[in-house]
Structure formats: structure tokens, C-alpha cells
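Step one of this worksheet: look at the structure below.
In this note's numbering, the protein residues as written are 3 to 441.
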């Protein structure tokens, strides 16, 4: 039912195939077939899918997949090895022979097909998908897929679910094992979503199929099949931790020691950074990690690297990232600019601390991709003077941000201003390569 070949499906009797040794009628083009197979085995396959298995000289798959396809195997059955990457190497080494890779459901939905496509051109492979576990689950529950969030925590941090917990939302999530649904129920109860309904769908599409339902707060289902998916109808209780879709989340969501970009300034800063799909951010002087975290919350394709020289703050930033549903935030302990070496090239850079240190801004300007955005915030006069000088040389935009909050003054109410923030933002022209040094 899951749509990925995993170590649980892998065998330990891996055998490396040498290039060459081609079948007489095998062609370099179209040598690879990827066949999705469900829990109903051969009975659920199309004639074309069955023929691809029968013609293959080598059939790769998890032990479960090979058992399901057993009667159609005429070539060598090869259990997928562990680690997973070794199997990809074996498939590539067999290029030119007739090769079939078996996968669960749709190979291109969190599946092995997406991995192989990074290495094999589309015209060299033929994919024949079966219904995905998401499609089967939606059919059982009567949920329209376009209105349902589909995600996986299979082999991934369960914290990924946090950002999706919005009242009234429906989620379908692949889990790692039979303990996954109960662990998920405990997390949801802890976060204030205990009245949410959790549907546990097991071994969909086969003779062992079963669908059961329980509330998160009183979850008591046992004997759950390792091959399972959960459907969640989200219900938020009083005080539930709901992570909004816009930047500028409440300051109290973050654990911090005072080194936190406040919510209004954070929202304006994210607006200036202007995240775009698939981009990578460097958050230099990350403090509590809030800028990198809310950058990643904007879209699942976004990545962020937080650079923080104070070890306690780096640890805190990691905790905040998990608590906010983006455990993939990469936190680097170190001082800029030295810590910037070897990092993935940035599409955007935020400097919230250390802008006045020698070489930090220069390193950021040198690293920024064409079309990339640099945003620097300053609260001290010395750093503000530095930004004014940079603006005079590089151009860009210089803005002063001032926030005041209503607070008690004696028996009345007045405005208490926060420290103003000077913000310099600059975009490298799209046709201009990185200069390697400041002007």
C-alpha cells in the first residue's frame, strides 16, 4: 500500500550486476519498466503490466512485491537491498538488459519511480502505475483528493504533521509501521487536537484490508498492520496550536532568550525575502531560527540553513523547527563568514545578527545567486551606519521599521515603542553573476 520501496521491503542478499550482458533483443532505449503492484497482486495488473514482468530478465522489488508477482516471474528475482541507494546502483548497472522494478501503487507518488527518474531519462523507461494508497484511501472514505492534503511521515519526522493541523482539514498520511497511528494520535492530543477522528486504513486493496476509526484522545486500536495509512479529520480544541499560513506567527510560539525577530518585523522581513518555490535561504545569526522556520512554512519545497554561533541558541533553533513542523531546518553551529563555506548556494540571505562583523556582508554578497535577495536588519546605530554606507554603494532599498504596542501607563493606556529596525534589502540583477567580493 505504501508507495515507496523501503528497507523493510529490502533483502540482504544484494548482488551487483556488471554492465553489459545484454539480452539478445534488449534495446538501450526502453530497457527499464517500473510496475506498480497492489495488495491484490497479479489479479489487479493490466495485461501490459504483467507482460513487463514476464519479459524482464531481472525483476527488482521488495520481498512483499516479489511474492505478490511470483507467478509471473520468468527472469531473476532480485530483492531490493539495504541501504536503498545500493538498489539504485544495481538497477543502473543493469542498463541495456530487460529490467523491471516493482513498486507499491503509483511509483511516482513518494515512490521509487521519482528516485530512478533522477538517473534514467524518461524515454528509457516505461512506468505502469497501479492505484496509489492515497487514491484507495480517498475512495474508502469518500474524500475528494483535490480537497485533501496528502503527505508522508514514512521514514520521516512525525513533526511534519504539525503545520497541516487546521480545523476542518482532512489529511491522508502514510506512516512507517504499526505503531505510527498511535504515536500520531498522542502527538495530536498533546497539541490540542484530541477530538480529531483518525481513520486507520490497513493493507488497502488486498484480502487483509481493514478500516477502523478512533478519536485521537482515546485512541485504542491495536494489532495495526505495518502497511497502513491514516486519514485525519482535524478538530481543534481550546488552546490548540494552529500554525497560520502567513508569516508573522505569535512570538510565544518560539522558545527564545530575547534573540528573536519580533512578529511584525518578521512578517515584513519575509515579505522582503520573497520566497519562491524550491529556493534555499541562509539565515545568518539565526537566534531562535524564526526567519528560517517561517521561510520553510511558506511552501514544502523551500529549504533553509540557519547559521548560529551560540551553541545553546543553535539547539533551541532545532527545537523550535520541530515544534513548528519543519524539522528539516538545517542548523549550522559556527560564526560567519567562516561557517558559510561549503553550504548549498543561497537564493536568498537574511542577516539578523553579525552584519557589523568583518566580512559577513561581503561573503553574503559574493554567494548570492543572480536574482537572489539579501535582507539585513539592524537595531544598533553602528550597524545602521553600515547599512547606510552599503546602500550608498550598492543601491537597493533602505527602510526604517517602527512598531508601538498599547500598554498600561498608570491607570490609563499609552503607546510603548519597540526599538526601531533599519532594514536594507538588495536584489542581484538576474543577468549578473556573483562578483566574489563587495564593490
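All C-beta atoms in this analysis are idealised placements derived from N, C-alpha and C, irrespective of residue type, glycine included.
Because the structure is a prediction, the values reported are computed rather than measured.
Do you know how far the Cα of residue j is from the Cα of residue i?
i: residue 431; j: residue 390; result: 20 Å
i: residue 178; j: residue 135; result: 14 Å
i: residue 222; j: residue 234; result: 16 Å
i: residue 150; j: residue 409; result: 43 Å
i: residue 205; j: residue 306; result: 36 Å
i: residue 98; j: residue 145; result: 43 Å
i: residue 77; j: residue 101; result: 9 Å
i: residue 188; j: residue 381; result: 42 Å
i: residue 172; j: residue 183; result: 15 Å
i: residue 377; j: residue 226; result: 49 Å
i: residue 29; j: residue 128; result: Residue placement at residue 29 is poorly supported in this model, since its pLDDT is 47, which falls under 50; the coordinates are not used for a value here.
i: residue 350; j: residue 367; result: 10 Å
i: residue 387; j: residue 264; result: 22 Å
i: residue 372; j: residue 392; result: 19 Å
i: residue 422; j: residue 360; result: 24 Å
i: residue 198; j: residue 326; result: 19 Å
i: residue 104; j: residue 36; result: 6 Å
i: residue 312; j: residue 169; result: 37 Å
i: residue 358; j: residue 84; result: 49 Å
i: residue 317; j: residue 57; result: 54 Å
i: residue 302; j: residue 296; result: 11 Å
i: residue 385; j: residue 402; result: 13 Å
i: residue 288; j: residue 216; result: 41 Å
i: residue 433; j: residue 274; result: 20 Å
i: residue 79; j: residue 211; result: 27 Å
Figure out for me which residue from the options has the closest Cα to the Cα of residue i.
i: residue 209; options: 233, 46, 417 and 149; result: 46
i: residue 272; options: 291, 82 and 259; result: 291
i: residue 61; options: 425, 75 and 199; result: 75
i: residue 279; options: 255, 374, 230 and 229; result: 374
i: residue 147; options: 300, 133, 319 and 158; result: 133
i: residue 107; options: 393, 252, 49 and 207; result: 207
i: residue 44; options: 59, 73, 258 and 63; result: 73
i: residue 143; options: 64, 110, 65 and 231; result: 231
i: residue 112; options: 159, 265 and 154; result: 154
i: residue 200; options: 34, 164, 352 and 237; result: 237
i: residue 395; options: 422, 426 and 421; result: 426
i: residue 365; options: 384, 411 and 286; result: 286
i: residue 248; options: 105, 211 and 293; result: 293
i: residue 304; options: 277, 289 and 322; result: 277
i: residue 442; options: 125, 141 and 86; result: Any property of residue 442 remains undetermined from this structure, which presents the chain solely from 3 to 441.
i: residue 34; options: 51, 139 and 40; result: 51
i: residue 218; options: 255, 202 and 332; result: 202
i: residue 195; options: 211, 164 and 224; result: 164
i: residue 53; options: 114, 38, 125 and 216; result: 38
i: residue 42; options: 399, 63, 417 and 71; result: 71
For the beta strand (DSSP E) holding residue i, just list the boundary residues, first then last.
i: residue 184; result: It is not in any beta strand (DSSP E) - residue 184 instead sits in the alpha helix (DSSP H) that spans 182 to 192.
i: residue 284; result: 282 to 286
i: residue 367; result: Here residue 367 belongs to no beta strand (DSSP E); instead the alpha helix (DSSP H) covers 362 to 369.
i: residue 34; result: 34 to 39
i: residue 257; result: From DSSP, residue 257 is part of no beta strand (DSSP E); its letter is neither H nor E.
i: residue 195; result: Per DSSP, residue 195 belongs to no beta strand (DSSP E) and is neither H nor E.
i: residue 305; result: 305 to 310
i: residue 45; result: Unbroken run through residue 45: none, as it is neither H nor E.
i: residue 2; result: With the chain represented from 3 up to 441, any question about residue 2 goes unanswered, as that position is not in the structure.
i: residue 328; result: Looking at the DSSP string, residue 328 is not in any beta strand (DSSP E), and its letter there is neither H nor E.
List the endpoints of the continuous alpha helix (DSSP H) containing residue i.
i: residue 313; result: 313 to 325
i: residue 56; result: 49 to 57
i: residue 276; result: Careful: residue 276 lies outside any alpha helix (DSSP H) and carries neither H nor E.
i: residue 296; result: 292 to 299
Rounded to the nearest angstrom, how far is the Cβ of residue i from that of residue j, given a contact under 8 Å?
i: residue 162; j: residue 329; result: 7 Å
i: residue 244; j: residue 167; result: 7 Å
i: residue 428; j: residue 345; result: Not confirmed; about 20 Å, so no contact.
i: residue 336; j: residue 309; result: 6 Å
i: residue 339; j: residue 282; result: About 17 Å separates the two Cβ atoms, so there is no contact after all.
i: residue 354; j: residue 379; result: 5 Å
i: residue 152; j: residue 174; result: 5 Å
i: residue 180; j: residue 228; result: 5 Å
i: residue 121; j: residue 94; result: 6 Å
i: residue 331; j: residue 323; result: 4 Å
At a Cβ threshold of 9 Å, is residue i touching chain B?
i: residue 202; result: Note that chain B does not occur in the displayed structure, where there is just one protein chain.
Just checking residue i against the ligand GDP - is the residue's beta carbon closer than 8 Å to any of the ligand's heavy atoms?
i: residue 431; result: The ligand GDP is absent from the structure shown, which contains no ligand whatsoever.
As an exercise, report each continuous beta strand (DSSP E) stretch of at least 3 residues that is fully enclosed by the stretch 112 to 177, in chain order. 127 to 130, 151 to 154 and 172 to 176
Any alpha helix (DSSP H) of 4 or more consecutive residues that is wholly inside the stretch 62 to 115: 65 to 70 and 86 to 95
In chain order, each alpha helix (DSSP H) run of at least 4 residues that lies wholly inside the stretch 204 to 254: none
In chain order, which beta strand (DSSP E) runs of at least 3 residues are fully inside the stretch 374 to 422? 375 to 380, 399 to 403, 406 to 411 and 414 to 419
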